[in-house]
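Asker: Just so we're aligned: 208 in this note's numbering is position 10 of the sequence shown, and the numbers increase by one with no gaps anywhere. Glycine included, every Cβ here is placed at the ideal spot set by N, Cα and C. Bear in mind that the values here come from a model prediction, so they are computed numbers and not experimental data.
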Amino acid sequence: HDLGKLMFAFVFFWGYVAFSQFMLIWYANIPEETFFFEYRWHNADWQMVSLILIAVHFVLPFPMLMSRHSKRTLPVLAMFAVWMMIAHWVDMYWLVLPNFDWFDHSFVLHPLDVMVSLGLVGVFVASTAGALKKVNLIPTKDPDLGASLKFENI
Numbered sequence: 199h200d201l202g203k204l205m206f207a208f209v210f211f212w213g214y215v216a217f218s219q220f221m222l223i224w225y226a227n228i229p230e231e232t233f234f235f236e237y238r239w240h241n242a243d244w245q246m247v248s249l250i251l252i253a254v255h256f257v258l259p260f261p262m263l264m265s266r267h268s269k270r271t272l273p274v275l276a277m278f279a280v281w282m283m284i285a286h287w288v289d290m291y292w293l294v295l296p297n298f299d300w301f302d303h304s305f306v307l308h309p310l311d312v313m314v315s316l317g318l319v320g321v322f323v324a325s326t327a328g329a330l331k332k333v334n335l336i337p338t339k340d341p342d343l344g345a346s347l348k349f350e351n352i
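1. Of the residues Leu318, Trp212, Ala324, Lys331, which one's Cα is nearest the Cα of Phe260?
2. Output the distance between the C-alpha atoms of Met283 and Leu310, rounded to the nearest integer angstrom.
3. Taking the alpha carbon of Val312 as the point to measure from, which residue in Val288, Leu272, Ser218, Trp244 has its own alpha carbon closest?
4. Select from Val314, His286, Met221, His199 the residue whose C-alpha is nearest the C-alpha of Val254.
5. Within the continuous alpha helix (DSSP H) that includes Met277, where are the two ends?
6. Closest to Phe305 by C-alpha separation, out of His267, Pro229, Phe233, Tyr291, would be which residue?
7. Can you give me the C-alpha to C-alpha distance between Val323 and Ala242, rounded to a whole angstrom?
8. Near Leu263, which residues of its chain fall below 7 Å by C-beta distance, leaving aside the five closest residues on each side in sequence?
9. Spatial neighbours of Ile250 within its chain, please: C-beta separation below 8 Å, excluding the five flanking residues on both sides.
10. Determine the DSSP secondary structure at Pro309, reduced to helix, strand or coil.
11. Suppose you measure from the CA of Phe217 to the CA of His267; what does that come to, to the nearest Å?
12. Using the C-alpha atoms, what's the distance from Ala226 back to Phe220?
13. How big is the Cα-Cα spacing for Ala329 and Ile228?
14. Taking the alpha helix (DSSP H) that Thr232 falls in, what are its first and last residues?
15. Going straight from the alpha carbon of Trp281 to that of Ile252, what length do you get?
16. Grab the span of the alpha helix (DSSP H) containing Val215 for me, first residue to last.
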């Protein structure tokens, strides 16, 4: 339940930061900064990615994560976690890729992009699993372990 609350908070935080950044850049109307959103909005491919990103990173998860059911049901929470990781990957792709000169400035998902991302996830999982093997994840000498295992957050 607490991880669901944390995920909901970060969905809200992402929406807040994204809107604040857009609003400040739009209101200031400084040419050195407005090109960031101008290019992503006037290119048809990136405009679609922008709209999809708003939908999948904020508009859809926000109301769905408001319910207690979605935050307390592990498969639903796991589905949202995977959903948000993919949405975050698209967000990073949207932030970085249009600025490269060698890029053809359209949204093209190259297999190498996916392979590098999966490789980095694999390195992270392998290093984390290796570190977790060295320590005991359950505090077996804790006198309150039994009560802690039976605890349920309401």
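Answerer: The relevant details are as follows:
1. Trp212
2. 18 Å
3. Val288
4. His286
5. 272-294
6. Tyr291
7. 36 Å
8. Gly202, Met205, Phe206, Val209, Lys269, Phe278
9. Val288
10. helix
11. 28 Å
12. 10 Å
13. 47 Å
14. 229-240
15. 13 Å
16. 200-226
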